[in-house]
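Have a look at the structure below, then the notes.
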Amino acid sequence: MKKGYRELLDEANAEIEVVSPEEAAGLLDDEDTIFVDLRDPREVERDGRVPGAKHVTRGMLEFWIDPESPYHKPFFASGKSFVFFCAGGWRSALATKTAQDMGLSPVKHILGGYTAWKAAGLPVDPGEKK
């Protein structure tokens, strides 16, 4: 393997802004900040969500960010700040780096992801078990 996931994570974390769950929670009511949940839909259904977070599957992120993509989502061109998270912080670290490389700014991610958010006792909306 030329470059493993640990090396990719180390490189991403060296270049992106990382915030604690508590720091991120301080931005929850900020109208100029959008929380982006990168978890799989099954994870969201099972485990709940950060109130008000936009759900963006990791596989569509680049297409939703790029205004030239037929899949572009206008909220990514809003000029607002973004806080990315996944379950444990790995996917969101890589996604934050990618978004930053694409020119999305400012963007940061939550250290420890949704798992750390919940463990800190921060607000969650329940999942919708089907």
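Going by the UniProt record's numbering, the sequence shown opens with residue 1, and the numbers climb by one from there.
We put the beta carbon where it would ideally sit given N, CA and C, even for glycine.
Where residue i and residue j are concerned, what is the direct C-alpha to C-alpha distance, given to the nearest angstrom?
i, j, result
"threonine 115", "glycine 121", "10 angstroms"
"glutamate 23", "leucine 111", "10 angstroms"
"lysine 95", "arginine 58", "Inspection of the sequence shows that residue 95 is occupied by alanine rather than by lysine. Using only the alpha carbons, I get a separation of about 7 angstroms."
"leucine 104", "proline 67", "11 angstroms"
"tyrosine 5", "lysine 97", "13 angstroms"
"aspartate 101", "isoleucine 34", "18 angstroms"
Residue i and residue j: beta carbons closer than 9 angstroms?
i, j, result
"serine 92", "leucine 38", "yes"
"valine 36", "phenylalanine 82", "yes"
"aspartate 125", "arginine 49", "yes"
"proline 70", "phenylalanine 63", "yes"
"glutamine 65", "lysine 73", "According to the sequence displayed, residue 65 carries isoleucine and not glutamine. Contact: yes."
Exposed or buried, which one is residue i when buried takes at least 16 other CB atoms within 10 Å?
i, result
"lysine 108", "buried"
According to DSSP, is residue i part of a helix, a strand, or is it coil?
i, result
"threonine 57", "coil"
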